[in-house]
Structures are given as C-alpha cells and as structure tokens.
Amino acid sequence: MLAIGLMSGTSMDAIDGVLCRFDNGHWQGLVATHSQSYPAALREQLLPLQSRDDVRITVTEWAALDEAVAVCFADTANELLRCAKVDRSAVGVLGSHGQTVFHDPQGIGSSLQLGNPSRIAALTGIDTVADFRRADIALGGHGAPLVPAFHHALFATADEVRCVLNLGGIANITVLPDASPGQVRGFDTGPGNALMDEWSLTQQGQALDLGGRWAASGQCHQPLLQALLADPYLHRPPPKSTGRDYFNLAWARRRFPALDQLPAADVQRSFCELTARSVIAAIAQHAPTIQRLLVCGGGARNDFLISLLRQLLPQAQLETTQTQGLDEAWVEGAAFAWLAVQRLLGRPGNLPAVTGASRAAILGGIYRA
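The numbering of the sequence shown is this note's numbering, which starts it at 84 and goes up by one.
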C-alpha cells in the first residue's frame, strides 16, 4: 500500500507531505516528499490562535480558516503526487494531522486541529483519516504525543537504550529502553523551537535563527534561564503534553518581566539553552542509561542547539534519524501516514503508557473521497 501523511506542527513553517510504502501496516520506506508553505496572510491569521488567549474570531472566520487550511493540505498532497509522478488511484489512504490551534486535554478536555478532512478527501480523491487525538482524550489521555508508537515501530531495538528527540515548536522525547512496546514512554519536554522562532521574528524579522548562529553570538543570561527552568510544567511527571498556547513570549515575560531590557542575542541564547537543558533533564530522569539519541524535526538543523545537546549528554551517541533510514525532516509526516494505515487496518494507534489513556484505541475518523 502507498499512503500519504500530511503534517504541520506548532511552528507552522510548512505543510510536509510524505508518500510512504507499507506492507501489512509495516513501514517500508519513503517514496517521495514535498514541503509547501502556507500563504503568508493565512499563517499570520493562524499563528495567534495557538499562542494568545485574547484572540477573538467569529464563527464565520473560524469556518473560513478550517476550509483554507484544508485547501492548503490538499494542494500539498496533489503537488506531492504530481512531482512523484504517482497516480492518486495508487494511494490507499491519506493521513492528515491538521493544524493544531488549541490543545488543553486535561483542562476542558479538547484538542482542535483545523483542516476539514472531507474537503481534503474531495480535493485529492483519496480516502482521508483525520482527527487522531480526540479518541485518546475521550479515554482520559492527552491525545499527545502520538508519534512514539511510530518511533517504536521504526527505531526500537533490544540492543541498546535509545531516545528519539523531536525538535519541533515543542520538544518531545520517546524513550525506547528495548524492543518491547510496553516499555515505551514519551512526552512533551517543553519548548523546542517555538520561543527562539518567535523571538527571532519579533527582533530580526526572520522566521527562524538559521543554524542557531544568532543564539551562538549571545551570552546565556542565567537569571532568565533559571526563571524559565523553574516553570512547574518542566517538573511535572508524565504523561504530559503542551503547546505554543503555553510556551510563548507572553509566558517568558511573565516568568521574567525584565526580558525586553536584555540584549536580544542574549535572550535568544537563553531560549536555546532552555530547550537544551529541559530536554536533557527529562532524559536524565527517564532514560538515565541512554546510549543513543536520535534527533528529528526542524531543530535537528540548528547546529548550535545540537552542539549544546552533545555537551550536555556526552555519554550517548547523538545522531539524526537519517542514520536509521528516515530523514529527520520527514519523521512526523511519515508517522501520520502510518497512523492512517493503522486506522484502515483496525489497529490501535496510541500507547496508553505514553498518553495516559485508559486503554489502547483506534484513532481517527475515515472520510471517504
């Protein structure tokens, strides 16, 4: 079977489309990939929804965004197939993560992703699986992270203790002590690229700090770093998940009111240190015997952040998931193709020990083309 996975994370930097091959639900490899940015005006509308509580939009505006995101997702899938020269009739299913704009599983018990899956199915001509998170939340779970089940399927081994680190807008780890799915643990550790990206955009007009070069030019401001590291979320036991609605510049200013009085490069360096140190603290607590750290996500290309992680975790081999056969940029897209295939086969997609759900569940709804 061929399957497409579509993913846009909390950074909203692009929609990733991944065409994968499966055999009886088992991932066999990438066939083609395509990444497509949101139109600038649409991204400007979407970003505040996930990071500010004071945003108010009408029902009409909400519905329009749901349709606009769906069109962008469908365009990404269609362009992926066009570039790969693959006919849509050859694709068995499309898995759409959608665009998360709200995530509060343990408060009001909801996680919302924009991108009407019926529209995606109609525009692509491919049966679409979407709305992956709410079944897990209905069973008392966080609905996140969902990718650890895929990490286990691809990267677990009985030979060594591994962790997979996804550096998206939010950072999350998957602990793989051995080859047993029952031993997998995973959770959001805290900020990934979100704070660095937001600060870079406001201070330099750049959507990201390429290679971490700006962060490397600054000095870590220890009072700021310690104030941010003291946040209760970072010390809460898993299962736990979070998003940009929690970790954003408003949060940083509440934790450290003098933030804007510091040199801008020093703030960026401190945000980078926060990501690295919160990740390493989580690994030290939950995978103290780690032997290999596999990094994926956009932050895998932040050279300065990776250098900090290497310094803080000298006992482990640090490498990207590319060494295990899957390029670090496409892991999450591939994961949602895999989750869609699991749904078609009637297999659970969550790991209750990771999400906190009361039982394993078949995730997502099927929207026929």
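Heads up, the beta-carbon is just placed ideally off N, CA and C, and yes, glycines get one too.
Rounded distance between the beta-carbons of residue j and residue i, thought under 8 angstroms
i      : j      : result
Gly223 : Gly448 : With 8 angstroms as the limit, Gly223 and Gly448 do not qualify as a contact, their Cβ atoms being about 20 angstroms apart.
Pro200 : Phe270 : Not quite, the Cβ-Cβ distance comes to about 27 angstroms (not below 8 angstroms), so this is no contact.
Gly301 : Ala348 : 3 angstroms
Val378 : Leu250 : 6 angstroms
Gly416 : His186 : Wrong, their Cβ atoms sit about 19 angstroms apart, outside the cutoff.
Ile253 : Cys246 : With a Cβ gap of about 16 angstroms, Ile253 and Cys246 do not count as contacting.
Phe387 : Cys355 : 6 angstroms
Ala423 : Gly190 : Between Gly190 and Ala423 the Cβ distance is about 28 angstroms, and since that is not below 8 angstroms, they are no contact.
Asn161 : Thr207 : 6 angstroms
Leu125 : Ala167 : Leu125 to Ala167, Cβ: 25 angstroms. No contact.
Ala383 : Thr403 : 5 angstroms
Asp292 : Ser94  : With a Cβ gap of about 12 angstroms, Asp292 and Ser94 do not count as contacting.
Leu401 : Leu376 : 5 angstroms
Thr211 : Tyr450 : 5 angstroms
Residues sharing a beta bridge with residue i, DSSP
i      : result
Val424 : Paired residue(s): none; Val424 is not in a bridge.
Asn385 : Answer is none; Asn385 lacks a bridge partner.
Val174 : Leu85
Met90  : Asp99
Phe270 : Ile256
His186 : Ser194
Val212 : Gly178, Ile449
Ser118 : Asp99
Trp413 : Paired residue(s): none; Trp413 is not in a bridge.
Trp110 : Phe105
Asn199 : Bridge partners of Asn199: none, in fact.
Gln400 : Arg375
Arg245 : Leu259, Arg375
Leu317 : In DSSP, Leu317 forms no bridge with anything.
Leu250 : Ala254
Under 8 angstroms between C-beta atoms of residue i and residue j
i      : j      : result
Gly175 : Ala213 : no
Thr462 : Val258 : No information on residue 462 is available, as it lies outside the stretch 84 to 452 that the chain covers here.
Leu177 : His117 : no
Gln351 : Trp297 : yes
Asp96  : Gly408 : no
Gln119 : Asp149 : no
Leu446 : Phe156 : no
Gly273 : Leu317 : yes
Gln374 : Ala399 : yes
Ala204 : Ala452 : yes
Leu395 : Ala359 : yes
Leu311 : Ala173 : no
Ala418 : Val267 : no
Gln282 : Leu332 : Strictly speaking, residue 282 in this sequence is Trp, with Gln absent from that position. Taking 8 angstroms as the Cβ cut-off, Trp282 and Leu332 qualify as a contacting pair.
Val362 : Leu248 : yes
Asp314 : Gln133 : no
Val184 : Leu129 : yes
Pro188 : Ser179 : no
Arg171 : Ile209 : yes
Buried or exposed by the 16-neighbour rule on C-beta atoms within 10 Å, applied to residue i
i      : result
Glu127 : exposed
Gln289 : exposed
Pro260 : buried
Leu391 : buried
Asp219 : buried
Leu428 : exposed
Ser263 : exposed
Arg217 : buried
Asp137 : exposed
Gly265 : exposed
Ala123 : exposed
Arg139 : exposed
Arg319 : exposed
Arg426 : buried
Gly100 : buried
Ser441 : exposed
Gly192 : exposed
Gly92  : buried
Gly112 : exposed
Three-pair Cβ contact test at 8 angstroms for the segment 425-438 versus the segment 225-235: yes
So, do the segment 191-199 and the segment 229-240 have three or more beta carbon pairs nearer to each other than 8 angstroms? no
Would you call the segment 103-114 and the segment 138-145 touching, i.e. three or more CB-CB distances under 8 angstroms? no
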